[in-house]
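Per the numbering used here, the sequence shown starts with residue 154, numbered consecutively.
A virtual CB, placed ideally from N, CA and C, is assigned to each residue, including glycine.
Remember, it's a predicted structure, so these values are computed and weren't measured experimentally.
Structure record follows, encoded as structure tokens.
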Amino acid sequence: MTVERSPTGAEAADRIQRAEGVLEANETMSVALCSADKPWIGKVFFIEDTPEPGRLDVCCAIVGTDHNVALFSEGATVAFLAGGEEPDRWVQGSGYAEVVADDADALAIVKRLRDRSEAAARFLELLDARAVRIHVQRLTAVDLDADPPIAEFSFS
């Protein structure tokens, strides 16, 4: 029988670094949620953020329709997946999302998204978008060239 435990600070930092390598190789990820029988899935531009050592947030921008904002404002549980065309290296996880209410934090997220990708900058220029922060609770990093190829963990 395997007993789940939270990783130590060093283990969490190592696993986050491994996941960040895959996340940095991708500009977009898929995000899905279901709230009150209203499923939603979208492809979003994203950045990773470390709010404190041993923790990981993934920040993105969603099209700011009333429907989307309401879904994410409920503290929705979300799942996400970032990876390339081949199923050989990807990161998937889950956590809870929030529309970023703090104006300074939202502006910083949007600036980092624009700086990371010309496509994201164009998206943010053309559409009314809202910054969203996903507080990652569970993460799986898969890299067939790594040893071990799968690193799975939860954050406390």
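In this chain, the alpha helix (DSSP H) harbouring D256 covers D256 to R269. Boundaries of the beta strand (DSSP E) around F306: I303 to S307. Non-local beta-carbon contacts of V184 in its own chain, meaning distances under 6 angstroms to residues more than five positions away in sequence, involve G195, V197, V231 and F233 in chain order.
According to DSSP, residue pairing for H288 in a beta bridge involves D210 and Y249. The beta carbon of R208 is closer than 7 angstroms to those of F308 in its chain, skipping five residues each way along the sequence. Residues of the same chain with a CB within less than 8 angstroms of the CB of D258, apart from the 5 flanking positions on each side, are A284 and R286 in chain order.
Within the same chain, Cβ atoms closer than 7 angstroms to the Cβ of R267 are found at A273, A274 and L277, the five residues on either side in sequence being excluded. In the three-state reduction of the DSSP assignment, D281 falls in the coil class. A direct Cα-Cα distance of roughly 31 angstroms separates L297 from I215. Rounded to the nearest angstrom, the gap between the Cα atoms of R171 and E251 is 25 angstroms.
In this structure, the alpha-carbon of D241 lies about 16 angstroms from that of E173.
In the structure shown, L186 falls within a strand segment according to DSSP collapsed to helix, strand and coil.
Straight across, the Cα-Cα distance linking T293 with L176 is about 12 angstroms. At a Cβ-Cβ threshold of 8 angstroms, G236 and P206 do not count as neighbours.
Per the coordinates, the alpha-carbon of C212 lies some 15 angstroms from the alpha-carbon of R291.
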